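Numbering (this note's numbering), first residue to last: 2 to 262.
The structure is reproduced here in structure tokens:
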């Protein structure tokens, strides 16, 4: 809180309220902080989170809408069928809108969109592009294209890197985060790239095991570029023993020919 407040005091007063609103929105996004949200990747004061349509958030909302529809259809009480259809329509409209706005066919990738102008943030590719693959929004052709881009640019010695920019923020290169690893691995698997999924999972688990053998700890994030270096960046020290790290490791181990971690 204090570093963000103090940074805000360096922002001109007319723009200060908007800066703090963007800080809050970024924290709520889960990616706090990342070059993904900044016009200038090196300057946190240029956060533009509230001006962006995030690929991952809309994929999650699509999944939520379809889940609500399925639950209402399953329950089958009076009025449930109408509610289910309403949410299915909302999900379909969201999918069509997101594919039209966020997918760049020339780049073969999904990008966040500046909603005021419709401009894709194409100079800032991130691992959030895996969400439409995981949640089934992407077409088969889009899924294959995104998987190829992830393999070419994002797959590192320790797994998938979060972004391609080393800004000093924690949700950027060279870090990899367990929830994103899972979504990317399973997303490319669901897009017909089991080979890529297995390769990424093998690298991520090897990094988890290597770190655990050296330190006796699982950590919230890992440096997937330099396997000898502890992950860093952001406003606080890297945390040990997070549930998402353990959960993803156990799930990937279960897929790894049923072996134990």
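The beta-carbon is built from N, C-alpha and C at its ideal position, and this holds for glycine as well.
All values derive from a computational prediction rather than experimental measurement.
Chain C contact for residue i (CB, 8 Å cutoff)
i: residue 157; result: The structure shown contains no chain C; it holds only a single protein chain.
Backbone secondary structure at residue i - three-state DSSP
i: residue 109; result: coil
i: residue 104; result: strand
i: residue 137; result: coil
Pair within 8 Å by beta-carbon distance, residue i and residue j
i: residue 174; j: residue 186; result: no
i: residue 133; j: residue 111; result: yes
i: residue 179; j: residue 228; result: no
i: residue 47; j: residue 39; result: yes
i: residue 171; j: residue 248; result: no
i: residue 23; j: residue 49; result: yes
i: residue 230; j: residue 239; result: no
i: residue 89; j: residue 67; result: yes
i: residue 241; j: residue 212; result: no
i: residue 4; j: residue 236; result: yes
i: residue 131; j: residue 151; result: yes
Span of the alpha helix (DSSP H) around residue i
i: residue 116; result: Premise fails: residue 116 is in no alpha helix (DSSP H) and is neither H nor E.
i: residue 212; result: 195-216
i: residue 27; result: 14-30
i: residue 166; result: Per DSSP, residue 166 belongs to no alpha helix (DSSP H) and is neither H nor E.
i: residue 248; result: 244-256
i: residue 60; result: 56-76
Own chain, CB closer than 7 Å to residue i, minus 5 neighbours either side, in chain order
i: residue 104; result: 111, 143
i: residue 155; result: 128, 161, 162
Residues near residue i by beta carbon distance below 8 Å, same chain, minus five either side
i: residue 145; result: 192, 193, 194
i: residue 224; result: 159, 175, 176, 177, 230, 231, 232, 233
6 Å Cβ shell around residue i - same chain, five flanking residues per side excluded
i: residue 54; result: 114, 116
i: residue 189; result: 148, 197, 198
i: residue 102; result: 114
i: residue 74; result: 85
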